[in-house]
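Quick notes on the structure that follows.
Residue numbers (my numbering): 4 to 126.
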């Protein structure tokens with residue numbers, strides 16, 4: 004029996020096999036799952052919540068652009084790709100975006116779900 008539903012949901016997000024980044028409409032990072040940090044090679048402490056996404060992802064301009072466009076336009080993307088650099092090595096990131104809404108339909112923020120598809124893209 005699940006005693007704490009909130010904890011259960013947190014465990015789902017923490018154990019996703021893809022990266023997940025969520026940002027509120029003011030541009031503050033709400034959540035970065037462990038796999039997002041791993042894919043982007045970011046230490047956990049640099050993925051701090053309540054920091055501006057521009058600051059947290061300053062080394063990933065293409066990712067910042069994806070977040071900005073989603074916040075600015077409210078348009079979601081399914082199955083797109085961007086290239087990000089890590090230690091002078093390009094990574095191909097496959098991503099989708101979505102709007103986060105409450106039950107009343109009010110937009111609260113945006114989420115980017117992604118995977119490193121560099122190996123797949125090179126085939």
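Where is the CB? At the ideal position from N, CA and C, for every residue including glycine.
Count the other CB atoms, across all protein chains shown, that sit within 10 Å of the CB of residue i; report buried if there are 16 or more and exposed otherwise.
i: residue 115; result: buried
i: residue 70; result: buried
i: residue 76; result: exposed
i: residue 90; result: exposed
i: residue 59; result: buried
i: residue 73; result: buried
Please report whether the beta-carbon of residue i lies at a distance below 8 Å from any beta-carbon of chain B.
i: residue 104; result: Looking for chain B here will not work: only one protein chain is present.
In this structure, does DSSP put residue i in helix, strand or coil?
i: residue 63; result: coil
i: residue 46; result: coil
i: residue 96; result: strand
i: residue 120; result: coil
i: residue 17; result: helix
i: residue 27; result: strand
i: residue 109; result: coil
i: residue 55; result: strand
Taking residue i and residue j to be in contact with their CB atoms under 8 Å, please state how far apart those CB atoms are, rounded to whole angstroms.
i: residue 54; j: residue 32; result: 5 Å
i: residue 95; j: residue 84; result: 6 Å
i: residue 50; j: residue 35; result: 4 Å
With C-beta atoms as the reference, is residue i less than 8 Å away from residue j?
i: residue 65; j: residue 99; result: no
i: residue 139; j: residue 56; result: As displayed, the chain neither begins before 4 nor continues past 126, which places residue 139 out of reach and without an answer.
i: residue 37; j: residue 17; result: yes
i: residue 117; j: residue 97; result: yes
Inter-stretch contact (C-beta, 8 Å, three-pair minimum) for the stretch 15-23 and the stretch 103-112: These segments do not touch.
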